[in-house]
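Chains as they are written, first to last, in the UniProt record's numbering: chain A, 1 to 152; chain P, 1 to 152; chain X, 1 to 152; chain V, 1 to 152.
Cβ coordinates follow ideal geometry from the N, Cα and C atoms, glycine included.
What follows is a set of notes on a single structure, which appears directly below.
4 protein chains.
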Amino acid sequence: MPEQHGLTPTMTANEVNDLLKQVYPQLNEQYDFYRVTEVFPGGCTVRLNADERHLRPGGTVSGPSLFTLADIGGYVCVLSHAGPDALSVTTNLNISFMRKAEAGPIDGHCRILKLGKSLMVFDIDIVAGPDRQTVAHATGTYSIPPKRQTTR
Amino acid sequence: MPEQHGLTPTMTANEVNDLLKQVYPQLNEQYDFYRVTEVFPGGCTVRLNADERHLRPGGTVSGPSLFTLADIGGYVCVLSHAGPDALSVTTNLNISFMRKAEAGPIDGHCRILKLGKSLMVFDIDIVAGPDRQTVAHATGTYSIPPKRQTTR
Amino acid sequence: MPEQHGLTPTMTANEVNDLLKQVYPQLNEQYDFYRVTEVFPGGCTVRLNADERHLRPGGTVSGPSLFTLADIGGYVCVLSHAGPDALSVTTNLNISFMRKAEAGPIDGHCRILKLGKSLMVFDIDIVAGPDRQTVAHATGTYSIPPKRQTTR
Amino acid sequence: MPEQHGLTPTMTANEVNDLLKQVYPQLNEQYDFYRVTEVFPGGCTVRLNADERHLRPGGTVSGPSLFTLADIGGYVCVLSHAGPDALSVTTNLNISFMRKAEAGPIDGHCRILKLGKSLMVFDIDIVAGPDRQTVAHATGTYSIPPKRQTTR
């Protein structure tokens with residue numbers, strides 16, 4: 001599968017989880033729903049442990065819950081590969097929903113398509129259910145702020 | 001602004017708010033964050049009263065919160081114009097984030113671009129701040145389930 | 001309709017047409033299919049005079065032809081509002097096709113949603129037919145290269 | 001890479017090339033620019049042999065040329081996996097451009113994310129250059145018309 005070569009993460013999954021807890025407490029509030037499960041060169045895996053709170057009419061996991069997983073997947077790619085600047089922001093995200101997902105563990109397999117100086121493009125396959133079928137697929141762009149001067 | 005002509009809503013904003021509370025309690029849980037403020041022929045206006053819970057690093061309203069507003073805008077268009085079948089689902093949503101939004105009232109101006117038998121396409125301008133600038137813009141598609149037989 | 005205020009074009013429609021002919025001869029080759037018809041503060045109108053060459057199976061105007069119109073609409077917005085640097089490039093374009101369009105004049109009404117230093121976001125309503133219904137809608141982002149030094 | 005299992009193509013690459021020539025002569029007019037190079041279960045590979053005609057300002061392959069390749073990739077997936085009904089149409093296509101591509105062979109690796117009765121969702125990685133880097137990535141949806149009655 002084509003992707004950008006030569007990328008090296010500078011943070012582990014646990015380090016990113018700790019950073020998220022610190023800079024983005026709203027993400028999980030009192031529960032650990034969204035977690036980084038793996039960071040690897042050129043991508044990451046993120047998980048949503050979906051329960052009843054994430055459902056929509058029809059009893060399936062809601063679009064906003066899956067969007068959040070996709071968005072977090074891109075955020076983790078930026079944090080782990082371009083440095084832990086929490087101020088990177090999404091500029092565009094396109095998500096297609098293909099199948100219904102029931103409550104349970106939902107995994108987002110995320111890869112970096114391009115890491116430039118000011119933009120990162122990624123895509124993510126979101127899989128769920130006993131046979132881990134793709135339930136959604138998203139492509140997005142993060143804007144990376146200019147490196148800030150280190151001052152004393 | 002071009003749009004589909006000849007559309008007639010069959011529900012008011014209040015009726016849709018009541019329906020949402022009933023079929024989608026997860027949306028607002030114990031608070032009234034997301035509200036329909038207007039339903040008109042060919043579109044609707046939805047509002048997010050964003051507070052600290054909706055912020056992300058940098059103190060601005062998070063992407064998932066704005067995505068939710070966009071998704072709800074499309075859902076309200078379907079419910080109010082194609083009949084109150086809660087099982088319509090998003091098949092695709094593309095959102096661009098243009099400016100940062102601070103906590104406060106955020107309005108989504110939503111119009112139906114096409115209402116067909118099985119698909120509805122909409123777009124939404126999301127505005128915020130004292131001068132109501134566009135902070136995000138989204139386009140999406142809802143799949144409308146076949147009309148169910150009315151049985152006694 | 002919300003949009004970015006305070007924008008001022010620096011080129012007219014005719015000036016942009018001349019520029020396109022010079023820097024992008026492939027666009028129209030020997031025919032004048034794609035034209036700028038209007039440049040106004042915050043947007044532009046572009047036209048495709050679709051003939052048989054632009055049709056796809058079913059006898060309707062092809063997706064790539066409408067995509068080209070959308071892409072040109074954004075390009076004209078950049079050229080006319082951010083200066084005639086031909087090297088601005090599309091980074092993302094999302095297009096939805098709503099109705100079939102027959103051969104004939106097809107107009108793209110394009111507005112700038114955000115003009116920043118390095119990115120421009122736009123959307124475009126593409127209308128066709130005797131009642132000028134929306135046949136497609138697109139949202140896109142252009143990357144604007146840094147201003148080049150003027151040297152003698 | 002997750003995808004839909006159990007798919008079986010019913011046409012070969014050559015059969016699809018012949019069908020395209022017959023139903024969509026505008027695609028290649030007098031030249032063979034766009035070709036199907038492979039059809040396999042769950043996807044296909046398509047190629048654009050880009051020459052000077054496909055370039056844009058800056059001397060790189062234009063967005064519309066890459067969009068066309070993406071759109072054709074999805075069309076070939078539908079034709080080869082859902083039956084040769086030429087009237088399937090794109091309802092949405094989102095494309096991100098990551099790197100510049102020079103003239104030469106450009107390959108689109110296309111996979112079916114979902115093949116349903118009335119919709120097919122696909123994505124495509126477009127690679128080019130001596131090291132076949134990803135230059136663009138797209139996700140799209142095709143609408144499949146209802147099976148037509150075979151009448152004698």
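Whose Cβ in chain V lies nearer than 7 Å to the Cβ of residue i?
i: ASP123(A); result: HIS137
i: THR90(P); result: Within 7 Å Cβ-Cβ: nothing; THR90(P) doesn't reach chain V, min ~12 Å.
Is it buried or exposed for residue i, if we count other Cβ within 10 angstroms and need 16 for buried?
i: PHE67(X); result: buried
i: PRO146(V); result: exposed
i: ASN14(X); result: exposed
i: LYS21(P); result: exposed
i: LYS117(X); result: exposed
i: THR10(P); result: exposed
i: LEU48(P); result: buried
i: GLY59(V); result: exposed
i: PHE40(V); result: exposed
i: GLN149(V); result: Because the pLDDT of GLN149(V) is 46, which lies under 50, any placement of that residue in the model is unreliable, and the number read from its coordinates should be weighed accordingly. By the neighbour-count rule (16 or more Cβ atoms within 10 Å), GLN149(V) is not buried but exposed.
i: MET98(X); result: buried
Between the alpha carbons of residue i and residue j, how many angstroms are there, rounded?
i: HIS109(V); j: ASP131(V); result: 15 Å
i: THR12(X); j: HIS5(X); result: 19 Å
i: ARG53(X); j: LEU79(V); result: 22 Å
i: LEU19(X); j: PHE33(X); result: 15 Å
i: ARG56(A); j: ALA82(X); result: 44 Å
i: MET1(P); j: ILE126(X); result: Low per-residue confidence applies at MET1(P): pLDDT is 45, beneath 50, and the placement is therefore not dependable, though the value from the model is reported in the following sentence. The straight-line gap from Cα to Cα measures roughly 11 Å.
i: VAL23(V); j: THR45(A); result: 43 Å
i: GLY140(X); j: THR90(X); result: 7 Å
i: PRO64(X); j: PRO84(X); result: 25 Å
i: ILE72(A); j: ILE144(X); result: 27 Å
i: LEU69(A); j: LYS114(X); result: 27 Å
i: ASN28(V); j: ASP107(X); result: 25 Å
i: SER88(A); j: GLY129(X); result: 43 Å
i: THR134(A); j: PRO25(X); result: 43 Å
i: residue 199(V); j: LEU93(X); result: Not covered by the structure: residue 199(V). The range shown for chain V is 1 to 152.
i: PRO105(V); j: GLU38(V); result: 15 Å
Going along chain P in order, which residues have a C-beta closer than 7 Å to the C-beta of residue i?
i: ASN94(X); result: ASN94, THR139
Under 8 Å between beta-carbons, which chain X residues line up against residue i? List them in chain order, please.
i: SER118(A); result: SER118
i: VAL23(V); result: PRO57
Could you give the first and the last residue of the continuous alpha helix (DSSP H) run that contains residue i?
i: HIS137(A); result: Not the alpha helix (DSSP H): HIS137(A) falls in the beta strand (DSSP E), residues 133-143.
i: PHE33(A); result: Counting along the chain, PHE33(A) falls outside any alpha helix (DSSP H), and DSSP gives it neither H nor E.
i: THR45(A); result: Where THR45(A) is concerned, there is no enclosing alpha helix (DSSP H), although the beta strand (DSSP E) it sits in stretches over 43-50.
i: SER80(P); result: 63-82
i: LYS101(V); result: Going by the sequence as given, residue 101(V) is Ala instead of Lys. From DSSP, ALA101(V) is part of no alpha helix (DSSP H); its letter is neither H nor E.
If the cut is a Cβ gap below 9 Å, which residues of chain A does residue i touch?
i: THR8(V); result: Neighbours of THR8(V) on chain A: none; closest Cβ ~17 Å, over 9 Å.
Can you find the residues in the same chain that come closer than 7 Å, C-beta to C-beta, to residue i, ignoring five residues on each side of it along the sequence?
i: ILE112(V); result: GLU3, GLN4, LEU7, GLY42, GLY43, CYS77, HIS81, MET120, PHE122
i: VAL36(X); result: ALA13, VAL16, ASN17, CYS44, VAL46, VAL76
Below 6 Å CB to CB, which residues in the same chain sit around residue i once its five sequence neighbours on both sides are set aside?
i: ALA103(P); result: ALA50, ASP51
i: VAL61(A); result: ALA50, HIS54, ALA101
i: HIS137(V); result: SER96, ASP125
i: GLY74(X); result: PHE122, GLY140, TYR142
So which residues of chain P does residue i contact, with C-beta pairs closer than 8 Å?
i: GLN26(A); result: GLU52, ARG53, HIS54, LEU55, ARG56, SER62
i: THR12(A); result: Result: empty, since nearest Cβ-Cβ is about 20 Å, beyond 8 Å.
i: ALA86(A); result: PRO57, GLY58
Mind listing the chain V neighbours of residue i? Cutoff is C-beta to C-beta under 9 Å, in chain order.
i: THR68(P); result: What THR68(P) touches in chain V: nothing, since even the nearest Cβ is about 20 Å away.
i: LEU79(X); result: Result: empty, since nearest Cβ-Cβ is about 10 Å, beyond 9 Å.
For the beta strand (DSSP E) that residue i lies in, which residues bound it at each end?
i: PRO105(A); result: 104-115
i: LEU93(A); result: 89-97
i: LEU20(X); result: Premise fails: LEU20(X) lies in the alpha helix (DSSP H), 13-23, not in any beta strand (DSSP E).
i: ALA128(P); result: 119-128
So residue i contacts chain P; which residues on that side make the cut at Cβ distance below 9 Å?
i: LYS100(X); result: By Cβ distance, chain P contributes nothing, its closest Cβ being about 12 Å from LYS100(X), past 9 Å.
Which bits of chain V does residue i rub up against, with CB to CB less than 8 Å?
i: LYS114(A); result: MET98, ARG99, THR134
Using a C-beta to C-beta distance shorter than 7 Å, which residues of chain A count as neighbours of residue i?
i: ASP71(P); result: GLY63, PRO64
Chain C contacts from the region 30-61 of chain A (Cβ-Cβ distance under 9 Å): No chain C appears in the structure shown, which is made up of the protein chains A, P, X and V.
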